[in-house]
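To keep things clear, I will list the structure first and then write my remarks on it.
Protein chains: 2
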Amino acid sequence: MITLDFKKTNGLIPAIAQDWKTGEVLMLAYMNEEAFQETLRSGKATYFSRSRQTLWKKGETSGHVQDVKEIRVDCDLDAILLKVEQQGGAACHKGYASCFFSKLEGGGLTITHEQIFDPKKVYN
Amino acid sequence: MITLDFKKTNGLIPAIAQDWKTGEVLMLAYMNEEAFQETLRSGKATYFSRSRQTLWKKGETSGHVQDVKEIRVDCDLDAILLKVEQQGGAACHKGYASCFFSKLEGGGLTITHEQIFDPKKVYN
Chain A
100 MITLDFKKTN GLIPAIAQDW KTGEVLMLAY MNEEAFQETL RSGKATYFSR
150 SRQTLWKKGE TSGHVQDVKE IRVDCDLDAI LLKVEQQGGA ACHKGYASCF
200 FSKLEGGGLT ITHEQIFDPK KVYN
Chain B
100 MITLDFKKTN GLIPAIAQDW KTGEVLMLAY MNEEAFQETL RSGKATYFSR
150 SRQTLWKKGE TSGHVQDVKE IRVDCDLDAI LLKVEQQGGA ACHKGYASCF
200 FSKLEGGGLT ITHEQIFDPK KVYN
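Protein sequences, first through last, are from chains A and B.
First residue of the first sequence: 100, per the numbering used here; consecutive thereafter.
First residue of the second sequence: 100, per the numbering used here; consecutive thereafter.
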């Protein structure tokens with residue numbers, strides 16, 4: 100079994116979720132050892148919520164689960180890349196397909212994506 | 100001008116580099132405020148090296164510079180996505196196009212990429 104380097108960043112490794120078909124980068128979150136093991140076991144992306152300091156089964160509230168199709172790790176074993184099938188079409192809690200819906204342009208941010216759902220209707 | 104949330108992770112924000120044409124995720128590194136400003140100014144990906152604790156102009160030694168084509172930030176302003184043109188065809192210091200050259204399979208890692216350069220010949 101591989102051992103990831105959870106020590107380097109205080110027990111948390113950044114995990115990138117990428118759409119397995121389009122290649123779009125959907126989000127970046129963090130995993131501790133338990134979240135990583137749970138992702139392996141369940142096949143659903145499970146992160147560690149830094150704000151809530153608890154395991155975060157992505158999509159538990161919204162239904163927007165990420166089915167993991169492939170797991171890659173980087174050369175230093177301190178970053179994870181998940182290729183996922185995003186249920187509901189939106190990874191972002193603000194209702195966009197990707198959390199990276201803003202592009203830096205002329206010193207400001209331009210939203211380049213359309214909102215897929217209204218967060219107020221999903222999280223209440 | 101936008102202000103990123105450098106405080107949340109002790110002054111360092113994870114930055115994903117993605118090939119601007121193929122969409123392949125090349126690497127994940129970190130930026131402090133200075134690295135971010137230098138990336139904006141120069142148009143070349145500049146990170147902060149955690150091991151050397153210094154600004155890291157990607158490709159300074161190897162020549163494998165990353166020309167930044169687009170900068171995206173996530174919904175919480177605490178992650179960066181760079182769309183880059185990778186000079187030399189390899190982002191990884193181990194000689195692979197992507198640092199994510201290993202896939203998790205059957206409890207072990209399988210290398211799925213071909214080595215583009217021999218690190219011993221590039222870094223000496």
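Ideal Cβ positions, reconstructed from N, Cα and C, are used throughout, including at glycine.
Taking a contact to mean a Cβ-Cβ separation below 8 Å, would you say residue i touches residue j in this structure?
i         : j         : result
Met126(B) : Cys174(B) : no
Lys193(B) : Arg171(A) : no
Ala116(B) : Val164(B) : no
Ser141(A) : Val221(A) : no
Val167(B) : Val124(A) : no
Asp217(B) : Thr108(B) : no
Leu180(A) : Ala144(A) : no
Gly122(A) : Gly122(B) : yes
Would you give the residue range spanned by the beta strand (DSSP E) that residue i belongs to?
i         : result
Leu180(A) : Ile179 to Gln185
Ala128(A) : Val124 to Met130
Lys156(B) : Thr153 to Lys156
Phe147(B) : Thr145 to Ser148
Gln214(B) : That residue, Gln214(B), is in no beta strand (DSSP E); it is neither H nor E in DSSP.
Ala116(A) : Ile112 to Asp118
Leu203(A) : Ser201 to Glu204
Arg169(B) : Sequence inspection shows Glu at residue 169(B); the Arg mentioned does not correspond to that position. From DSSP, the beta strand (DSSP E) with Glu169(B) extends over Gln165 to Val172.
Within its chain, find whatever has a CB closer than 6 Å to the CB of residue i; leave out the 5 residues flanking it on each side and keep chain order.
i         : result
Asn131(B) : Gly110, Leu111 and Phe147
Trp155(A) : Tyr146 and Ser148
CB-CB under 8 Å to residue i, same chain, minus the five flanking residues each way: which ones, in chain order?
i         : result
Arg149(A) : Leu111 and Tyr129
Glu133(A) : Phe147 and Leu154
What do you get for residue i, buried or exposed, if any count of 16 or more other CB atoms within 10 angstroms of its CB means buried?
i         : result
Gln185(B) : buried
Thr138(B) : buried
Ile101(A) : exposed
Ile210(A) : exposed
Lys157(A) : buried
Asp104(A) : exposed
Given residue i, which residues of its chain have a CB within under 7 Å of its CB, disregarding the five upstream and five downstream residues?
i         : result
Tyr195(B) : Ala189, His212, Gln214 and Ile215
Trp119(A) : Lys168, Glu169, Lys182, Val183 and Glu184
Ends of the alpha helix (DSSP H) at residue i?
i         : result
Val221(B) : Pro218 to Val221
Contacting positions in the segment 189-207 of chain B - beta carbon closer than 8 Å to chain A: Cys191, His192, Lys193, Tyr195, Cys198, Phe199, Phe200, Ser201, Lys202, Leu203, Gly206 and Gly207
Residues of the segment 165-192 of chain A whose Cβ lies closer than 8 Å to any Cβ of chain B, in chain order: Glu169, Ile170, Arg171, Val172, Asp173, Cys174, Asp175, Ala178, Leu180, Cys191 and His192
Residues within the segment 113-131 of chain A neighbouring chain B, beta-carbon criterion of under 8 Å: Flagged, chain order: Pro113, Ile115, Gln117, Thr121, Gly122, Glu123, Val124, Met126 and Leu127.
Contact set between the segment 100-113 of chain A and chain B, restricted to residues whose Cβ is under 7 Å from the partner: Met100, Ile101 and Pro113
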